[in-house]
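This note's numbering puts the first residue of the sequence shown at 2, with every later residue one more than the last.
This report refers to the structure that appears directly beneath it.
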Amino acid sequence: MGKDITGTVDALCEDDDAEVFVLRAEVESRVAAGEFDWVGGLAVELAARVSAGEDGKGHCGTVAHWALHALAAHPEPGSLRALVRVMESPHHGGVDQAASPSFLAAVVAGSHRIETISDAVFGRVSEAAFAHEFAACLLHESVLVQGEVDGHPALRAFADTLVAEGHPLAVLPLSLLPEEHGLRRPPEAADDWTWMVPPVWREPADTHELRITPSTRRRAAALDPTETGTPATADAMGAAVEHWLARSNGAVAAQEFWLPDPVAREDFPAVFELLPLAPWPADGDRAKLYPSDADLSLRILLTAAVRAPAYGRGRHGAYGRLAAWRSLGGLAGSPADAPVAEVAELVRRTSWFRIGTSSPWFHDVAWDLAVAALRPGGREIAVLAATDTD
2 MGKDITGTVD
12 ALCEDDDAEV
22 FVLRAEVESR
32 VAAGEFDWVG
42 GLAVELAARV
52 SAGEDGKGHC
62 GTVAHWALHA
72 LAAHPEPGSL
82 RALVRVMESP
92 HHGGVDQAAS
102 PSFLAAVVAG
112 SHRIETISDA
122 VFGRVSEAAF
132 AHEFAACLLH
142 ESVLVQGEVD
152 GHPALRAFAD
162 TLVAEGHPLA
172 VLPLSLLPEE
182 HGLRRPPEAA
192 DDWTWMVPPV
202 WREPADTHEL
212 RITPSTRRRA
222 AALDPTETGT
232 PATADAMGAA
242 VEHWLARSNG
252 AVAAQEFWLP
262 DPVAREDFPA
272 VFELLPLAPW
282 PADGDRAKLY
292 PSDADLSLRI
302 LLTAAVRAPA
312 YGRGRHGAYG
322 RLAAWRSLGG
332 LAGSPADAPV
342 AEVAELVRRT
352 SWFRIGTSSP
362 WFHDVAWDLA
372 VAALRPGGRE
382 IAVLAATDTD
């Protein structure tokens, strides 16, 4: 098998693009036939070439990605065990260039039963850095797919390991919180069901827009909002879309305001009209405000974090969930180091709103969001807007 694979990879490096697609078809055929060791061996050889800088045409990285994805997506235990062996190879640098651990974890969580995952991955977690990070991501991807994993001892034990080593994902709960109930697939859901919001929010019908009445405008007239944001709080609020800035052409506006008197939720639209918001200049059209809640706000932020921006990778489910809760906490006014359970309690007491994204500030391509929070007590407001373009 080794000679066969070496010859195949040699030909791939030398031939034109047509060979790439021929080999992709062979990978898919062999996975379907249960030849997982051959596909895994091919992936290791391809990763070795990538790591050694011998992939001038990029063919090895492309086929390695397809091979890893095929193993991750195939539902049989043998396929998953072969994938783990690839991750334990010395060429993890090439594997990472072909497919990140977070990406592979997302594919595996959506393709394999939790019992298979527990046995093949968490029965003996490798000390190899790539495999270890894959397991950390897979643990929390499984929470998003299964709803909870606390009843599986091997996964629970690995979660304790993450806590002991201070892994970033260790702060996430091993079950979905009440604010995450919208992530659960309904029993009667169609095959194409997803918890994610559309790439660009369509403006709801005007009947859903929150209107300003003469009485609410009168009550808000005497208020003088003061902008109080700091770079640290802006970073926290924008955590879910940080990759839009770091890897793409994104723009983010994260603003906080203080009010001298508390405001009731029903008066918020009139107060919102007074805010000096960067995406909606005073001489332009004012932003439209719509009702929201913690569940929808979480799904908006999680969708933004999970999906790729115009350029670069998305965060996928595990790190996406972490980033979404950091953004929610920043918007709700939680301390940056507060446990997620405490953040969730504050989020429950916060009034949430969605903002229409009709403004020249937004690129209106496929990456736009805007949310507002009236914090508990009614005297603090946070607004996050983000956009990206290719």
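Beta carbons: idealized from backbone N, C-alpha and C, even for Gly.
From a predicted model like this one, the values you see are computed outputs, not experimental measurements.
Distance, Cα to Cα, residue i vs residue j?
i	j	result
residue 357	residue 315	24 Å
residue 158	residue 81	20 Å
residue 129	residue 28	25 Å
residue 176	residue 149	4 Å
residue 386	residue 280	7 Å
residue 273	residue 232	22 Å
residue 323	residue 173	7 Å
residue 364	residue 119	43 Å
residue 379	residue 263	4 Å
residue 22	residue 47	15 Å
residue 303	residue 253	16 Å
residue 250	residue 389	6 Å
residue 284	residue 382	22 Å
residue 178	residue 234	24 Å
residue 116	residue 63	31 Å
residue 3	residue 37	Low confidence applies here, because residue 3 scores a pLDDT of 47, under 50, leaving its location unreliable; read the following figure in that light. If you take the alpha carbons of residue 3 and residue 37, they lie about 14 Å apart.
residue 26	residue 57	22 Å
residue 245	residue 366	13 Å
residue 247	residue 312	10 Å
residue 191	residue 151	28 Å
residue 170	residue 337	15 Å
residue 75	residue 189	25 Å
Determine, using beta carbons only, whether residue i and residue j come nearer to each other than 8 Å.
i	j	result
residue 344	residue 355	no
residue 84	residue 42	no
residue 270	residue 227	no
residue 146	residue 110	yes
residue 45	residue 108	no
residue 160	residue 184	no
residue 105	residue 73	yes
residue 362	residue 310	no
residue 131	residue 102	yes
residue 255	residue 238	yes
residue 211	residue 292	yes
residue 198	residue 300	yes
residue 275	residue 221	yes
Taking only three categories from DSSP, how would you classify residue i?
i	result
residue 391	coil
residue 50	helix
residue 149	strand
residue 372	strand
residue 352	strand
residue 259	strand
residue 227	strand
residue 2	Reliability of the predicted coordinates at residue 2 is poor, the pLDDT of 41 falling under 50, and the value obtained from them is presented with this limitation in mind. Coil, per DSSP.
residue 175	coil
residue 137	helix
residue 213	coil
residue 384	strand
residue 279	coil
residue 169	helix
residue 191	coil
residue 252	strand
residue 291	strand
residue 82	helix
residue 309	coil
Check the C-beta distance from residue i over to residue j and give it rounded, since I have them as a contact under 8 Å.
i	j	result
residue 277	residue 225	About 11 Å separates the two Cβ atoms, so there is no contact after all.
residue 295	residue 242	Wrong, their Cβ atoms sit about 18 Å apart, outside the cutoff.
residue 52	residue 94	5 Å
residue 142	residue 319	5 Å
residue 31	residue 39	5 Å
residue 79	residue 35	7 Å
residue 69	residue 100	4 Å
residue 341	residue 326	5 Å
residue 308	residue 334	That belief does not hold up - the Cβ atoms of residue 308 and residue 334 are roughly 27 Å apart, past 8 Å.
residue 229	residue 257	5 Å
Is the shortest distance between the beta-carbon of residue i and the beta-carbons of chain D less than 8 Å?
i	result
residue 139	You won't find chain D in this structure, because it holds only one protein chain.
Return yes when at least one heavy atom of the ligand FAD lies under 7 Å from the C-beta of residue i, else no.
i	result
residue 252	This structure simply doesn't include the ligand FAD, nor any ligand for that matter.
Exercise. Count the CB pairs spanning the segment 261–279 and the segment 329–337 that are closer than 8 Å, and state whether there are at least three.
Key: no
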